[in-house]
Amino acid sequence: MGTHMKTTIEIATPLLERAKRLAAREGITLRELTEAALRRELSVRDARPAPFELRDARVGGNGLQPEFQTATWDQLRQAAYEGHGG
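Structure representation (structure tokens):
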């Protein structure tokens, strides 16, 4: 599959031994097995949707009104629903 590059990676011994046994059973090289596994994992990860990002919906202003700057969440919620049956 095109150009190849020689590299060194560290693999846990039990995992490497399993991979070698599987490659031997399949009649393929460890390299072929490794490349196939990498291709499959990369395609799975590439297919994942991008993480959700909340758009910036800030509006101009100077933050909270002075009377709410030290308010608790309960106080803010109470003020927000005041007169609205909440």
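Per numbering that gives the first Met the number 0, residue 0 is the first one in the sequence shown, and the count goes up by one each step. Using N, Cα and C, we set each Cβ at its ideal position, and we do this for glycine too. Nothing here was measured: the structure is a model prediction, and the numbers come from that model.
Check your understanding: Between Thr28 and chain B, is there a C-beta pair that is closer than 7 angstroms?
Key -> The structure shown has no chain B; it contains just one protein chain.
Review point. With C-beta atoms as the reference, is Ala22 less than 7 angstroms away from Leu29?
Key: Here residue 22 refers to the residue found at position 23 when the sequence shown is read from its first residue. Here residue 29 refers to the residue found at position 30 when the sequence shown is read from its first residue. Result yes, Cβ atoms of Ala22 and Leu29 sit closer than 7 angstroms.
Review point. Straight-line CA distance for Thr33 to Glu52?
Key: By one-based count along the sequence shown, residue 33 stands at place 34. By one-based count along the sequence shown, residue 52 stands at place 53. For Thr33 and Glu52, the distance between alpha carbons rounds to 34 angstroms.
Point to revise | As assigned by DSSP and simplified to three states, the class of Ala70 | key: Position 71 of the sequence shown, counted from the first residue, corresponds to residue 70. Three-state result, Ala70: coil.
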